[in-house]
Amino acid sequence: MNLPRLICVSLWIFIWTDTVISSPIPKAKNCGYSSCHPIKEGYINVHIVPHTHDDVGWLKTVDQYYYGSNTKYQNAGVQYILDTVVDSLRKDSNRRFIYVETAFFWQWWIKQHDIVKARVRKLVNNGQLEFISGGWSMNDEAATHYQPIIDQMTWGLRSAL
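For what it's worth, the UniProt record's numbering labels the leading residue of the sequence shown as 1, then goes sequentially.
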């Protein structure tokens, strides 16, 4: 293993253990595949899980995406998506949702009342709401380099619940 890769892996392990393992939020009983609905033998079982792909500043500014302004490019506001997701998950414990972009979640989270935050924590602990990756945004998959990946993952994980 070359030195830059070793440094990258070591840093990732340090950040993950320091941020995720030492988190004061109670861990869910089940997560990932363990939180899926049981399969029915003899049938084709399909699990459809809604998820996000809200670009952090691609065609619009972060605030334009969050508040839903500048509808020339897209006609949705991330804050409303998050409000709807939390409300829908609370109404039906069989629903699941995967969230990716910590930047938008953090912007929404800091504006929420403690009651809403407690509800979101419960959804996470129930396995209904799952955060994938934990980065501030999704990595640029066309021109990746380990340094910006580490930077955005570090910032995203530090800003997590």
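We treat Cβ as the ideally placed atom computed from N, Cα and C, and that holds for glycine.
Fair warning: this is a prediction, and the values are worked out from it, not measured in the lab.
**OP:** Could you check what DSSP says for residue 149 in three-state terms: helix, strand or coil?
**Re:** helix
Original post:
Using 8 Å as the Cβ pair cut-off and three pairs as the minimum, do the segment 69 to 82 and the segment 96 to 115 touch?
Top reply: Judged by Cβ distances under 8 Å, the segment 69 to 82 makes contact with the segment 96 to 115, as three or more pairs qualify.
**OP:** State whether the segment 118 to 125 contacts the segment 42 to 49, with contact taken as three or more CB pairs (one from each stretch) at a distance under 8 Å.
**Re:** No, the segment 118 to 125 is not in contact with the segment 42 to 49.
**OP:** Please confirm whether residue 172 and residue 139 have their CB atoms less than 8 Å apart.
**Re:** Nothing can be reported for residue 172, as the shown portion of the chain is limited to 1 through 161.
Original post:
If you draw a straight line from the C-alpha of residue 24 to the C-alpha of residue 153, how long is it?
Top reply: Low confidence applies to residue 24: its pLDDT is 49, below 50, so where it sits in the model is not reliable, and the reading given next is rough at best. The alpha-carbon separation between residue 24 and residue 153 amounts to approximately 19 Å.
Original post:
Which residue comes first and which comes last in the beta strand (DSSP E) that contains residue 129?
Top reply: Start and end: 129 to 131.
Subject >> Limits of the beta strand (DSSP E) - the one that residue 81 falls within >> reply: Where residue 81 is concerned, there is no enclosing beta strand (DSSP E), although the alpha helix (DSSP H) it sits in stretches over 78 to 91.
Original post:
Where does residue 144 sit, in a helix, a strand or coil, going by DSSP?
Top reply: DSSP places residue 144 in coil when its eight states are reduced to three.
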